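Engineer: The listed protein sequences derive, respectively, from chains A and B. FYI, the numbering for the first sequence is 0 to 71, going by numbering that gives the first Met the number 0. FYI, the numbering for the second sequence is 0 to 225, going by numbering that gives the first Met the number 0.
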Amino acid sequence: MRARVLVRPKAGILDPQGKAVERALPALGFEGATNVRVGRLVELDVADPGDLPAMCEKLLANPLIEDYEIVA
Amino acid sequence: MKTGIVRFPGSCDEVDALEAASRVGEAVLLWHADRDLQGVDAVVVPGGFSYGDYLRPGAIARFSPVMEAVAAFAAEGGLVLGICNGFQVLCEAGLLPGALLPNTGLRFVCRQVECVVVNERTPFTRGCGAAERLSVPIKHTTGRYHAPEVVLEGMEAHGQIVLRYAPGRNPNGSERDIAGVCSEQGNVLGLMPHPEHAVDVLRGSDDGLRLFASMREHVDAARAVA
């Protein structure tokens, strides 16, 4: 099965990459974009989708600083 | 004292660490794929870009065979010093609390910094004075120390915050100006500054040698008791 895992900086954690993107958008004429957060997408084929939460907890995300969302 | 310096694919400061540790005793390199720590008294997890820093710095390195042995060594009270990428590896491995995030300024920062010794009673700082300042270089992009508030409070109470950047000189946005932290038992230390690059006044400072000399003192003292 093809799976996607979205990894985001946890709410409340300063995301300087997101801030930089947020500042760059108006410079290109795009006004009104706020709360930009930059995360990561991991795509993978898995034999057992039941393994995905443990994969996320142990490796794909660091639960201390990141939230993850498994998108089937 | 015999010190083992871990070498991962992508390490780049292991030779300086080897040289620094050699100034206070014997030092050997430990290959990441080996579980044998060769009977060392202390382990240094050095700086660099272990496994390309893929995913997150330290995320892959923590699963290497040598790190299993290092975790067991730390659990028995062995001295483990993680520098820069090594600090990131130890946090990912759960041997130290917290995590390292990208610098607030998003830039790679490379310069000499002043650190204050906050806890001089650890095996790594016992040769330092209280509130003594050490001049040591930093060079990193992902050095912003973070831990949840409740964890930070516990660390303060247990003396786990060992080094802070001098007031007003926080180079990366670290919480509470934290530059280095230790485990609750005190035998594992991680820091972003590079003591191994500051072991000779010809290179600007020899303050970093104090950490290696402290480790030597600790190992000698433990041996004298045994």
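Backbone N, C-alpha and C define an ideal beta-carbon position, used for all residues, glycine too. Source: prediction; values computed, not measured.
At least one CB of chain A closer than 9 Å to the CB of residue 64/B: is that the case?
Structural biologist: It does not: the Cβ of residue 64/B has no partner Cβ on chain A nearer than 9 Å.
Engineer: Alpha carbon to alpha carbon, what distance is there between residue 24/A and residue 79/B?
Structural biologist: 45 Å
Engineer: So residue 47/B packs on residue 12/B, CB below 8 Å; how close in whole Å?
Structural biologist: Correct: roughly 6 Å between the Cβ atoms.
Engineer: By Cβ distance, which residues of its chain are closer than 7 Å to residue 206/B, with the 5 residues on each side in sequence left out?
Structural biologist: 133, 134, 135 and 197
Engineer: Which full runs of the beta strand (DSSP E) of 3+ residues lie inside the segment 12-88 of chain B, going along the chain?
Structural biologist: 25-30, 41-44 and 78-82
Engineer: Mind listing the chain B neighbours of residue 61/A? Cutoff is C-beta to C-beta under 8 Å, in chain order.
Structural biologist: 55, 58, 91 and 98
Engineer: Taking its Cβ as the centre, do 16 or more other Cβ atoms sit within 10 Å of residue 93/B, making it buried, or is it exposed?
Structural biologist: exposed
Engineer: Pull the bridge partners of residue 115/B from the DSSP assignment, please.
Structural biologist: 132/B and 163/B
Engineer: Please state whether DSSP places residue 201/B in a helix, a strand or coil.
Structural biologist: helix
Engineer: Check whether the Cβ atoms of residue 83/B and residue 138/B sit closer than 9 Å, and answer yes or no.
Structural biologist: Yes.
Engineer: At a CB-CB cut-off below 7 Å, which residues of chain B make contact with residue 19/A?
Structural biologist: 105
Engineer: On the premise that residue 130/B lies in contact with residue 115/B, defined as a C-beta separation below 8 Å, what is that separation, rounded to the nearest angstrom?
Structural biologist: 6 Å
Engineer: Quick check: the Cα distance between residue 58/A and residue 59/B, rounded to an integer number of angstroms?
Structural biologist: 8 Å
Engineer: Tell me the DSSP secondary structure of residue 210/B in three-state form.
Structural biologist: helix
Engineer: Could you give the distance in angstroms between the alpha-carbon of residue 16/A and the alpha-carbon of residue 185/B?
Structural biologist: So the alpha carbons of these two residues sit roughly 34 Å apart.
Engineer: If you draw a straight line from the C-alpha of residue 210/B to the C-alpha of residue 27/A, how long is it?
Structural biologist: 49 Å
Engineer: Here's the rule I'm using: 16 or more other beta-carbon atoms within 10 Å means buried, otherwise exposed. How should residue 33/A be labelled?
Structural biologist: Exposed: under 16 other Cβ atoms inside 10 Å.
Engineer: Mind checking which residues open and close the beta strand (DSSP E) that includes residue 1/A?
Structural biologist: Its beta strand (DSSP E) spans residues 1-8.
Engineer: Between the segment 44-58 of chain A and chain B, which residues of the former have a C-beta closer than 8 Å to a C-beta of the latter?
Structural biologist: 58
Engineer: Rounded to the nearest angstrom, what separates residue 188/B and residue 73/B at their Cα positions?
Structural biologist: 11 Å
Engineer: Quick check on DSSP: helix, strand or coil for residue 68/A?
Structural biologist: strand
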